[in-house]
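Chemist: Sharing a structure with you now.
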Amino acid sequence: MNFQPKLHVLFRHDEIEATVKRLAAEIRKDYHDKYPLLIGVLKGSFMFMADLIRLLDFPLEVEFIRLSSYGRDRQSSGRIKVVQNLSSEVRDREVLVIEDIVDTGLTTSFLLNYLRKKKPASLKLCSLTDKPSRRQVPVSIDYLGFAVPDRFLVGYGLDWNQKFRNLPDIYVLED
Ligand code: IMP
Ligand code: MG
C-alpha cells in the first residue's frame, strides 16, 4: 500500500492518561465492592482496557469479545457477528463493557442486547470516545472519556485497516 495518510494529533498520551484516571475513579466508586466482569471489545479497546484496569485496585475479572462490523473501509456494515466469544458466565454478574469508540452505535447496541439476553445482574458501558453526530441507534454511555468530532480516529488501539493501533496518542486521519 503506497497511500501515506496524514495524521493530526487530537489527544496526546498525557491527556488520555488523565481521562483514564478520571474514568477509573468513577468506576472505582461504583464497582469497588461488586467484583465486576469487565468485557473489552476487541481489538480496539485493548490498550484502554490495559491502562484502565491497572488503576482499578479492587477485585474484578477481565474478559474479551470480538465482533465483526467494519469491512476494510471506514463504514460500519451494520451486519455484526460475534467472532470470538466470552469464556466466562455473564449470568448474575455485574458487567461493564469497555469500548474504544461508539460511532453509529450499531456494534455496541448489538453487543448490549446480546449480553442482556444472558441475564447479567447489571450491564453498563464505558467508552473511551463517542462520536454522537454519527449515531444511528441510541446508545447511552455510562462512563465516557471524550466526545469527538465526526472524523476518523486512529491510535491508542484504534485502527485504520489494522494499522496505527500502536500509537500512544490519538490522531485524526486526514482524507
Ligand atoms: P459502530 O458500530 O459504527 O458504532 O462502530 C463501532 C466500531 O467501529 C468501533 O468499535 C471501532 O472498531 C470502529 N470505528 C468507528 N469509528 C472509528 C474511528 O474513528 N476510528 C477507528 N475505528 C472506528
Ligand atoms: Mg470497537
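Read left to right, the sequence shown gives residues 4 to 178 (my numbering). Backbone N, C-alpha and C define an ideal beta-carbon position, used for all residues, glycine too.
1. Does the beta carbon of D178 fall short of 6 Å from some heavy atom of ligand 1?
2. Do I104 and ligand 1 come close, with the Cβ less than 6 Å from some heavy atom?
3. Quick check on the burial criterion: 16 or more other C-beta atoms within 10 angstroms. Buried or exposed for R82?
4. Please classify V23: does DSSP put it in a helix, a strand, or coil?
5. How many angstroms separate the CA atom of N116 from the CA atom of D95?
6. Would you please state the rounded distance, in angstroms, between the beta carbons of L109 and I42? I believe it to be under 8 Å.
7. Does DSSP put L59 in a helix, in a strand, or in coil?
8. In this structure, does DSSP put H35 in helix, strand or coil?
9. In chain order, what are the residue ranges of uninterrupted beta strand (DSSP E) at least 3 long that sit wholly in the segment 78-157?
10. Taking Cβ positions, are V142 and L118 nearer each other than 7 Å?
Modeler: In brief:
1. Taking the first residue of the sequence shown as position 1, residue 178 is located at position 175. D178: no, Cβ never under 6 Å from ligand 1.
2. Your numbering for residue 104 matches position 101 in the sequence shown. Yes, Cβ of I104 sits closer than 6 Å to a heavy atom of ligand 1.
3. Counted from its first residue, the sequence shown places residue 82 at position 79. Looking at its Cβ environment, which holds fewer than 16 other Cβ atoms inside 10 Å, R82 is exposed.
4. By 1-based counting over the sequence shown, the position of residue 23 is 20. Of the three classes helix, strand and coil, the one that applies to V23 here is helix, per DSSP.
5. Position 113 of the sequence shown, counted from the start, is the residue given in the question as residue 116. Position 92 of the sequence shown, counted from the start, is the residue given in the question as residue 95. If I take the Cα positions, the gap works out to 16 Å.
6. In the sequence shown, residue 109 corresponds to position 106, counting from 1. In the sequence shown, residue 42 corresponds to position 39, counting from 1. Rounded, the Cβ-Cβ distance is 18 Å, inconsistent with contact.
7. As a working note, residue 59 is residue 56 in the sequence shown. Coil.
8. As a working note, residue 35 is residue 32 in the sequence shown. If DSSP states are grouped into helix, strand and coil, H35 belongs with coil.
9. 79-87, 97-105, 125-133 and 146-150
10. To locate residue 142, count along the sequence shown from 1; it is residue 139. To locate residue 118, count along the sequence shown from 1; it is residue 115. Contact: no.
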